[in-house]
Every structure is written in structure tokens, then in C-alpha cells.
Amino acid sequence: MKQNRNPWTWVPTVYIFEGLPNAIVNTVSLIVFKNMGMPNDKLTLYTSLLSFPWVLKIVLSPFVDTVGKKRSWTVMMQFLMVLSCLLLALTLPRCPLSLILLLFLVTAFASSIHDIAADGFYMLGLDEHRQSLFVGVRNTFFRLALLCGQGLLAIIAGVFQEKGVDAVLSWSWTLMGCSAVMAVIALWDLFSLPSPSSDRPRERGAMFSDLGQLFKSFVTKKGFLLALLFMLLYRLPEAFSLKMLIPFLKDARELGGLAMSDVHVGLANGTIGVIALLLGGILGGLAGGRWGLRKCLIPMALSLALPCVVYLILALVQPEGVLPVYICIAVDQFGYGFGFTAYTLYMLYFSRGSFQTSHYAFCTVLMTFSMLLPGLVAGKLQVNMGYPLFFALVMVCCLATLLVSLLVLNKIDPEYGKK
Numbered sequence: 007m008k009q010n011r012n013p014w015t016w017v018p019t020v021y022i023f024e025g026l027p028n029a030i031v032n033t034v035s036l037i038v039f040k041n042m043g044m045p046n047d048k049l050t051l052y053t054s055l056l057s058f059p060w061v062l063k064i065v066l067s068p069f070v071d072t073v074g075k076k077r078s079w080t081v082m083m084q085f086l087m088v089l090s091c092l093l094l095a096l097t098l099p100r101c102p103l104s105l106i107l108l109l110f111l112v113t114a115f116a117s118s119i120h121d122i123a124a125d126g127f128y129m130l131g132l133d134e135h136r137q138s139l140f141v142g143v144r145n146t147f148f149r150l151a152l153l154c155g156q157g158l159l160a161i162i163a164g165v166f167q168e169k170g171v172d173a174v175l176s177w178s179w180t181l182m183g184c185s186a187v188m189a190v191i192a193l194w195d196l197f198s199l200p201s202p203s204s205d206r207p208r209e210r211g212a213m214f215s216d217l218g219q220l221f222k223s224f225v226t227k228k229g230f231l232l233a234l235l236f237m238l239l240y241r242l243p244e245a246f247s248l249k250m251l252i253p254f255l256k257d258a259r260e261l262g263g264l265a266m267s268d269v270h271v272g273l274a275n276g277t278i279g280v281i282a283l284l285l286g287g288i289l290g291g292l293a294g295g296r297w298g299l300r301k302c303l304i305p306m307a308l309s310l311a312l313p314c315v316v317y318l319i320l321a322l323v324q325p326e327g328v329l330p331v332y333i334c335i336a337v338d339q340f341g342y343g344f345g346f347t348a349y350t351l352y353m354l355y356f357s358r359g360s361f362q363t364s365h366y367a368f369c370t371v372l373m374t375f376s377m378l379l380p381g382l383v384a385g386k387l388q389v390n391m392g393y394p395l396f397f398a399l400v401m402v403c404c405l406a407t408l409l410v411s412l413l414v415l416n417k418i419d420p421e422y423g424k425k
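Residue numbers for the sequence shown follow my numbering, beginning at 7 and rising by one.
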């Protein structure tokens, strides 16, 4: 096999495989379990636990580094995800919930390990110039995969349902088609990925002790406790509302929901919402580059938190048409995309200095953890409170976003982030 290949032949497909299974685990699982009649308290609990493999990435990373080549890990995990997706498709109509959950969990672990291997392989397969050149390509194809996973798959399943196919069976057929597409991509990567000479296992022994030292250097950084508070609470409103959005869109109107079909859920949350999120993120990046993190932090915090009020309005009004829902979700996701820029910039800011790459990896684990914990209890709260009171609670959580932003504001270099 060639050591050097044109990056266009493999970078897009590798990062499609980073995005698509992520969407299947974190979004498709919500829709599938809701169609199976799972109550909201169990729904958010189980699907939040499915995010746990991404929390473990920092522990799994030394194992991937010391056992086998990153090319091998990348390809193996792709085929494992193809298999798990196919088994999901085959088991959905007829197998117990425990097995279906297990298959989603296998997909999540495979996706987490694939992320580690693929990101490492990206740095081995490209020189520094091409790494910078293709960073936009990898991010674009990752986002396109999310768009397909969160939007297109739901639309396809919804079209089947409109033709009279049972909701669960429609998802079985959709995932079967998805697994076929994934199999083609995995076969392509099997033969198209380069084989760089630098792709070899690292020596064992020191890896885990090194990890311990890196972790110690992270938690002893100046201002760690304040940074920890920021990273755990900045996204609190979104952390509570994220897992409840799809149940809210799909629940019957007498239960306080909007009774939307999978087609409209796919269009609202997975298509219009994702596009608005990307646009907000682009604008946020431009603003951060022009004025810097310190000047942008409070406007971005407000942008992330305050648009959550659209869900309270929707819960109170329960509009008949889908257009108001599309507009509200677009507003919220655009604000979230703009506001999330400050979170990313702050993680980069706090990670500066020695071991920047490793410290940023620890920050991303905290980022995942910040979304996991509220998701575990969001469904239980909603069941006991109803949608209007639940989304009112989300608005109260906006105070946490603003508070932690004010606490770290004066600790940030005024020039950081400016071009």
C-alpha cells in the first residue's frame, strides 16, 4: 500500500465516519426509542448514558496508542460500526430493549475509539502544511455527516411512515440502508487509506504513568477550579433542553408536545437546526477573531442562553403549523452556535502552555461530561413538571451561564483571540 495518497481520497470518508455514527447514537436513538413508546424519564437516562464512551476517550487513548496501528484501529472500528448498525436494523422490530441498547452502546464505543484513531492517523498521514490545509475539509465532512444522520435519516424514515410502514420498521429499513452506505465507505477506506511509516504502536509502560502526570499538570493549573466551574455550567440550559427537544417535538399535544412526524423532526432539528448552528458558529468565529474572547464572552453567553426561551413559548402556545417551530429552532440553534464559540475559545485559552494538546483533550472530556449529567435527570424532571415548567426551569439555568461567564471574564487576556 502507498505511504502517501491524495488526502481528498480518504480525509472526507474518514470524517464522514466520525459524524454519522455520532448522530446515530445521540440523535437517532432518541427518535427510535420515542417511537417504541419509551417514557421520557427512561429515554433521557438511557440515551445520556450512551454518551459515556466519549467521556472515556482520554482513558482509551493510551490503549489505542500502544496496541496496533492507528490505520488498523480506524478500519476495524469502521467495520464494527457497520456491523452494529446492521444488527440494529435487524433487531429493532423483534428484539428486547436491552439488546438494542447494547448495540447502540457498542456503536458508541466503536465511534469513540474511531475518533481517537482517526484523529491520530490524520496527523500521521499528512504533513503539517496539509494538516492545516485540510482542517476545514475534515470539519465540513464531519458536519455534513451530522446533517445526514440527524436530518436525512429521520426524513427517510418519516417518508416510509407516511406510506403506511410501521414507525419502528421504518427505522429498521432506514438503518439497513445506512449500514449499506457505511459498508461501502469502510471498504473504500480499507484500500484508500495511506500506510505512513510513522504509524506504529508506541512503547508500553510509560503511557499510563504519562497520562497520570498530564492529568496532574491539568488539575494543578492556575485557576483550574474556576475553569472547571465554567466548563461544567456554561452550557447548562442547553444540557437540560437538548435531550428533551425530540421528545417535545414528538409527544402528543395532550401530553404538552407538538405531535410532529419524523419527517418534520428531521427537517426541524436535523436540517434547519444544524444549518442554523453552522451559520452561528461561523459568525461566532468571525466575531471572536475580530474582538477577542474577553469582549465577546458576555454577548456570546447571552446568545447561547436566552434563545432557549423559544421552547417555553412553544410549550405554552403549542402552535398548529410547523413553520413557527422551524423558526424557533433556527433561532435557538443559531444563538447556540454563536455562543458556543466562546466555550471553544475558552477551552483553548485555558489549555495554553505546556501539554496544550493533552490539556485540550481533558477539556473536551469535561465538555461531554457537562452535557451528560443534566441529560440523566432531564426526562425525570419533565415528567414531574410538564413541558412549560420544565422549560421555565431551563430559563432559570441561564443564570448559571451568565454567572460563570462573569466570574472568568476578568481572568482572560483582553488580546486573546484577536487576529
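Ideal placement from N, C-alpha and C gives every residue a C-beta, glycine not left out.
Being a predicted model, the structure only gives us computed values, none of them experimental.
{"Item": "Three-state secondary structure (DSSP) of Ala311", "Value": "helix"}
{"Item": "Close Cβ partners of Ser67 (< 6 Å) along its chain, the five nearest in sequence each way excluded", "Value": "Ile122"}
{"Item": "Candidates Tyr422, Ser117, Arg149 and Arg296: closest to Val31 by CA position", "Value": "Ser117"}
{"Item": "Reduced DSSP secondary structure (H/G/I, E/B, other) of Pro420", "Value": "coil"}
{"Item": "When Ser176, Ser411 and Phe148 are compared against Leu98, the one with the closest alpha-carbon", "Value": "Ser176"}
{"Item": "The region 55-75 contacting the region 178-188, beta-carbon criterion three pairs below 8 Å", "Value": "no"}
{"Item": "C-alpha gap between Lys417 and Leu322, whole angstroms", "Value": "40 Å"}
{"Item": "Whole-Å CB distance - Ala114 paired with Glu24, under 8 Å assumed", "Value": "Going by Cβ atoms, the distance from Ala114 to Glu24 rounds to 13 Å, so no, they are not a contact pair."}
{"Item": "Exposure label - Glu244; buried when at least 16 CB within 10 Å", "Value": "buried"}
{"Item": "Backbone CA spacing between Cys178 and Leu94 [nearest angstrom]", "Value": "Looking at the sequence shown, residue 178 is not Cys but Ser. Going from the Cα of Ser178 to the Cα of Leu94 covers about 7 Å."}
{"Item": "Exposed unless 16 or more other CB atoms sit within 10 angstroms - verdict on Arg136", "Value": "exposed"}
{"Item": "Met188 beta carbon less than 8 Å from that of Cys91", "Value": "yes"}
{"Item": "Between the CA atoms of Thr50 and Pro380 - distance to the nearest angstrom", "Value": "9 Å"}
{"Item": "C-beta atoms of Leu199 and Trp79 nearer than 8 Å", "Value": "no"}
{"Item": "Inter-residue spacing [alpha-carbon to alpha-carbon] between Leu308 and Asp216", "Value": "39 Å"}
{"Item": "CA nearest to the CA of Ile333, picked from Phe346, Ile304, Thr277 and Leu289", "Value": "Thr277"}
{"Item": "Inter-residue spacing [alpha-carbon to alpha-carbon] between Leu5 and Val190", "Value": "The chain is shown only over 7 to 425; residue 5 falls outside these bounds and no answer can be derived."}
{"Item": "6 Å CB neighbourhood of Arg11 in its chain, flanking five on each side removed", "Value": "Pro200"}
{"Item": "Simplified DSSP assignment, three categories, for Met266", "Value": "coil"}
{"Item": "Selected residue, minimal CA-CA separation from Leu150, among Leu36, Asp133, Val20 and Leu109", "Value": "Val20"}
{"Item": "Counted within 10 angstroms of its Cβ, other Cβ atoms place Ile288 as buried (16 or more) or exposed", "Value": "exposed"}
{"Item": "Which of helix, strand or coil DSSP assigns to Ser411", "Value": "helix"}
{"Item": "Leu312 versus Leu399, Leu292 and Met391, residue with shortest Cα-Cα distance", "Value": "Leu399"}
{"Item": "C-alpha gap between Leu413 and Leu232, whole angstroms", "Value": "8 Å"}
{"Item": "Nearest candidate by alpha-carbon position, reference Leu261, set Trp297, Ser376, Leu193 and Asn390", "Value": "Asn390"}
{"Item": "Residues near Leu242 by beta carbon distance below 7 Å, same chain, minus five either side", "Value": "Pro380, Cys403, Ala406 and Thr407"}
{"Item": "Through-space distance from Val337 to Pro45, alpha-carbon basis", "Value": "28 Å"}
{"Item": "Expected contact under 8 Å - CB spacing of Ala348 and Met306 to nearest Å", "Value": "4 Å"}
{"Item": "Closest by C-alpha distance to Phe340, when choosing among Ser376, Pro330 and Val280", "Value": "Val280"}
{"Item": "Cβ neighbour criterion (16 or more within 10 Å) applied to Gln388", "Value": "buried"}
{"Item": "Residue environment, Lys228, which counts as buried when at least 16 other CB atoms sit within 10 Å", "Value": "exposed"}
{"Item": "Proximity of Val410 and Leu248 at Cβ, strictly below 8 Å", "Value": "no"}
{"Item": "Cutoff 8 Å; reference Ile252; Cβ partners in own chain excluding five residues on either side", "Value": "Thr33, Leu36, Ile37, Lys40, Val271 and Asn275"}
{"Item": "Residues near Ala282 by beta carbon distance below 6 Å, same chain, minus five either side", "Value": "Ala336, Gln339 and Phe340"}
{"Item": "Backbone secondary structure at Asp71 - three-state DSSP", "Value": "helix"}
{"Item": "Contact belief for Gly345 with Leu284 at Cβ below 8 Å, rounded distance in angstroms", "Value": "Gly345 to Leu284, Cβ: 14 Å. No contact."}
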